[in-house]
Each structure stands twice: as structure tokens, then as C-alpha cells.
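One structure is given here, and the rest of the page talks about it.
2 protein chains.
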Amino acid sequence: MSAVVGEGGWLAVVGTGPGDSAWMTPETSAVIAAATDLVGYERYVERVADSGQRRHVSDNREETARAAHALDLAASGARVAVISGGDPGIFAMAAAVWETLERADHERWAAVEIRVTPAVSAIQAVAARAGAPLGNDFCVISLSDNLKPWAVIERRVRLAAEADFALAFYNPISRARPWQLGAAIEAVAAHRAPATPVVLGTAVGRADEALTITDLARFDPAAADMRTLVIVGASTTRVIAAADGRPRVYTPRLYPADY
Amino acid sequence: MSAVVGEGGWLAVVGTGPGDSAWMTPETSAVIAAATDLVGYERYVERVADSGQRRHVSDNREETARAAHALDLAASGARVAVISGGDPGIFAMAAAVWETLERADHERWAAVEIRVTPAVSAIQAVAARAGAPLGNDFCVISLSDNLKPWAVIERRVRLAAEADFALAFYNPISRARPWQLGAAIEAVAAHRAPATPVVLGTAVGRADEALTITDLARFDPAAADMRTLVIVGASTTRVIAAADGRPRVYTPRLYPADY
Chain A
184 MSAVVGEGGW LAVVGTGPGD SAWMTPETSA VIAAATDLVG YERYVERVAD SGQRRHVSDN
244 REETARAAHA LDLAASGARV AVISGGDPGI FAMAAAVWET LERADHERWA AVEIRVTPAV
304 SAIQAVAARA GAPLGNDFCV ISLSDNLKPW AVIERRVRLA AEADFALAFY NPISRARPWQ
364 LGAAIEAVAA HRAPATPVVL GTAVGRADEA LTITDLARFD PAAADMRTLV IVGASTTRVI
424 AAADGRPRVY TPRLYPADY
Chain B
184 MSAVVGEGGW LAVVGTGPGD SAWMTPETSA VIAAATDLVG YERYVERVAD SGQRRHVSDN
244 REETARAAHA LDLAASGARV AVISGGDPGI FAMAAAVWET LERADHERWA AVEIRVTPAV
304 SAIQAVAARA GAPLGNDFCV ISLSDNLKPW AVIERRVRLA AEADFALAFY NPISRARPWQ
364 LGAAIEAVAA HRAPATPVVL GTAVGRADEA LTITDLARFD PAAADMRTLV IVGASTTRVI
424 AAADGRPRVY TPRLYPADY
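Going down the list, the protein sequences come from chains A and B. If you want our numbering, it's the position in the first sequence, counting the first as 1, plus 183. If you want our numbering, it's the position in the second sequence, counting the first as 1, plus 183.
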């Protein structure tokens, strides 16, 4: 951090990247090393090697309380790293911190210096494992309707499918949201061929990583869980053989003459 | 690399991340260190510290020739790192390598083990600097019509605007493509309020980094150049004050009751 304010406190929103620690940037490691306090969802904070910081862990759903707690700590002089799992700027804690700051409008938080550092997002890790499905225009959509109406999500999926984007789905499914992924796939299938490639990447970068390449016709929502990201190809997306025997999915840069 | 093939050669498509070397992942550094040959656009290869590898640099437009050269080197036993600037999976060399492999269908490339490693993309760095404009659903579109028809791009921008995605534009402008950015902004403005925030991030992570926060009404394409990325907010995207005096742009997770 180039400058600190108040009584020396600051708040940095960082991301570990997906599972594998080889994906955490040197900047993120340095910010965490400079922090006195780590705040985050238990599973993400656990990824950070213990170097003596105070740890404040909470459950997955409590982003607003977590952001408020982090702002309080920083306002009282702590150097706080708020830990997200992938990129903190994509469906993660960066927006939650700004949102909490603006909604509460607390005088005591006004002087807290806040910084966001970029990180590798899980969807990029899944894309890299799969080949290059996001090599051309794509959309990124969270299928969670906890904080936005399902009608908004459904409309976005439909228009993105109509526009022939490749689609990346975060938060595709959970016990409380069992049908949304099936509905989203159905909305895409109305605009795209049954053979359109679909990639499911689960726990990518972790020991139990799994990657499945299937297509719209054979897609089964039951193959996804909370740790899965789903990529649906554009009409131009292709599956090819690779030397290691594993097929790859990529979206070409060049468009066919008859497109 | 877990396994090598042929005469010990392999091809890894990696990304340095945007400008700042603190954004290059340890995995990417390790792959580059294990390589015998670096292949890429001159400006990106220059970012890699010299550790004795053979360097094969080329101009920005020559992705196909570069991919073929890298495949030839790997087939002849070299350990080749193809260097992209941001994330190799997003409008970069990963798709170019798979595309070249499939189109040429050369027997001599069939045994080359190919791997893609994820990296921080420039748009994520711009988003982090700006606050969290991509904190909710967003689309990523290259405005370059060198390899795809402008009608496809224009249609995608229009439908993404209609769906109220935040929009991230790669390759917004160049000497050969002077009007496309203005046309894209106009297409968005047809669906969104004049006060919608727009972020321009130029050379982010480099010494001459510049970040501009403006809005649709005041947007001037001349403020962008080849090294600029542009983010246009959704209807919910907000600008707020931050302690360091610089405004921030973020897209909330939570939707307003009257949305």
C-alpha cells in the first residue's frame, strides 16, 4: 500500500485465485504479508499460510456483515486483507465492500483507504484447463437469485444466447437453488445447436478437481455442484483432440465465411 | 508439465498478466523458467526477465504464424512458452494455437503436448483500479473487426446493452479502426442513461498508467488508444467517493427493490 490513513489502518480486498496456490499473484501475497488481520469466508482464509495474522472467518452468505467488520477493523487502525476465493472483483467481496460503505454511510469509515487487487478468477482456470472456450466474446452471469430477481437472470441468459456469446455461469446450483441451472441451459438451447459444447469445471486447482466436456443435448444439471463453474460455447465453439488424449474446447478468433 | 511427449518438447500458452510483474502468477513464472524458447509479440516477451531462453519475437498481428512457429519448435523437441500479455485465454494466443492446430492438421504437430495456464487479464486490473465495476453480470467484447464482421459485434453490443450487462471492451480503437468505439458507445447509449459510468484504463500496471472515470454523455473515443480498455456500467453501476480522493465505480450485488 502506497499510503496509509487514519491510525495506520487500511483495507485491501484480495483474491487467492482458485484452489492452486501457484495461481496467487505476488502482489496478493505481499498484501497479505503486510496485513495484521485476515477477514473472509472460512474456506478461503484457510488457503492462506499462517503467518501470525488475526483471522476473522465467517460463513459464505454473510458478505455484508463481513465487509462491515473489515471496515471497522481498518478504521480502528488494523491493516485488513479481505480474502476472496478467485478474483475479488467478480461476484465477490470488492463490490460487497463498496456497497456496504455506501449504504451505511458511517462517518467512522470515511477515512479508510480501500484498495482492490486483481486475481485469477475460477472461470479463467476452468477455461485454461478446457482449452480456450472464452477465446472470443463472452458473458459472465451468476445464476444465484439470492440478490437479484430470477427474471433479470433469465432475460440476460436469453439475450446473451441470442447474441451468440459464449456464456460462463457462476453459482450455477445449490441445495436452495436446484432448478436455475436447468432453466438457464434450456434458455440457451432455444438459440443454439444441441451439439454446442458445454464445460463443467469443479473444484479446479484442488486435489479433487474434475473437468467434464459435454454438450447442450446431453447436459445434466445434476453433474454440477456448488463448486462447479459452467461454460457454454458459442455457435462457433469447437471440440478438438489433443496429444494427451483429452479433448479440448476452444472458440476461434476467426469467423467462418458463412457466419 | 506433468508429462512430456515426442522428443521432450511441449508448448505452454501463458500470460504475463497486465504490465506489473507483481501480477504474474508463480505458475507462469515456473513454466517460463522451464522453457527453452519464448515465442510472442515483442512487447510481451520483453516483460520476461532474461534467463537465457531463445526468444522468437514477432509483430502484433501475426498470431497464426507465431502459433505455427511455436508448434514447430515444440514438435522438434523444444519446451516452448508462448507469451500473451494478459490472460492467454481471453482474446489471445490460446485460441490462436488451437485454431492453428486444427486448421493445419499437420501430422507433425499431433504429438505436441499443449497446456494453457490462466493469468490476470487486463480488464480485471482496470476493474480493480476503478473499484468493482464488474461485480455483477458482465460481457466481454473485442471491438476489433479484423477477424469477425462488425455486424456481429454491433449486434452483441446492442443485445448486451438491452440485457443491462456491464460491458468490457477489448481492442477498442486503433489507427485502422477509428470509428468502432464511438459506434459501440452509441449502441449502448440507446439503452442506458447518459449518466451511466464509463471507465477508461490505459496501460494499467505500467509506469504511464492512466485511469479515467467519465459517463456515457461525456464519453470521447479520442481519450482511448490501443492500450486502453473500456468498461461501461450497467444501469445499477454507481460512482462513490473514496478516502484517497479518487472516485470509485462499482456494480452492487444487491438489486434495488424497484428494479
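Cβ atoms here follow ideal geometry from the backbone N, Cα and C, with glycine treated the same way.
Identify every run of the alpha helix (DSSP H) within the region 254-295 of chain A, keeping only runs that are complete inside it and at least 4 residues long; order them along the chain.
276-287
Sequence-distant residues of the same chain with beta carbon closer than 8 Å to N319/A, five excluded per side
A349, A417, T419, T434, P435, R436
For A265/A and chain B, any beta-carbon pair shorter than 7 Å?
Checking the displayed sequence, the identity of residue 265/A turns out to be Val instead of Ala. Answer no: the Cβ-Cβ gap between V265/A and chain B never drops below 7 Å.
Could you confirm whether any beta carbon from chain A is found closer than 7 Å to the beta carbon of Y227/B?
no
Whose CA, out of R429/B, A308/B, A313/B, A370/B, lies closest to the CA of V340/B?
A370/B
Closest to A308/A by CA distance: which of T208/B, K331/B, S357/B, D242/B is it?
T208/B
Alpha carbon of R230/B to alpha carbon of T300/A, nearest angstrom
20 Å
So the beta strand (DSSP E) I356/A belongs to, where does it begin and stop?
Taken as a continuous stretch (DSSP letters only), I356/A belongs to no beta strand (DSSP E), as it is neither H nor E.
Limits of the alpha helix (DSSP H) - the one that T434/A falls within:
That residue, T434/A, is in no alpha helix (DSSP H); it is neither H nor E in DSSP.
Tell me whether the beta-carbon of R291/B lies closer than 7 Å to the beta-carbon of A258/B.
yes
Determine the chain B residues that contact P435/A at a beta-carbon separation under 7 Å, and present them in chain order.
A278, E282
Compare the beta carbon distance of V265/A and V323/A with 7 Å and say whether it is the shorter of the two.
no
Neighbour list for F348/A in chain B, Cβ cutoff strictly below 9 Å:
C322, V323, I324, R339, L342, A343
DSSP-derived helix/strand/coil call for E229/A
coil
Under 9 Å from the C-beta of D242/A: neighbouring residues of chain B:
Ordered by position in chain B, no residue passes the 9 Å Cβ test against D242/A, which lies about 16 Å from the chain.
Taking only three categories from DSSP, how would you classify V188/B?
Caution is warranted here: a pLDDT of 41 is assigned to V188/B, below 50, making its placement in the model unreliable, and the coordinate value is therefore given only provisionally. Looking at V188/B - three-state DSSP - the assignment turns out to be strand.
By DSSP, does V196/A sit in helix, in strand, or in coil?
strand
Can you tell me whether P380/A is buried or exposed, with buried defined as 16 or more other CB within 10 angstroms of its CB?
buried
Taking Cβ positions only, does E285/A come closer than 7 Å to chain B?
yes
On the CB-based measure, 16 or more other CB atoms within 10 Å of its CB, does W362/A come out buried or exposed?
exposed
So V295/B contacts chain A; which residues on that side make the cut at Cβ distance below 8 Å?
A426
Classify L254/A as buried or exposed, calling it buried when 16 or more other Cβ atoms lie within 10 Å of its own Cβ.
buried
For P377/A, does the count of other Cβ atoms within 10 angstroms reach 16, so buried, or fall short, so exposed?
exposed
Looking at chain B, is there any beta carbon in it that lies within less than 7 Å of the beta carbon of Q307/A?
yes
Does DSSP put A425/A in a helix, in a strand, or in coil?
coil
For T208/B, does the three-state DSSP call read helix, strand or coil?
coil
C-alpha distance - A302/B paired with G268/B, whole-angstrom precision
9 Å
Closer than 7 Å, CB to CB, is W333/A near chain B or not?
no
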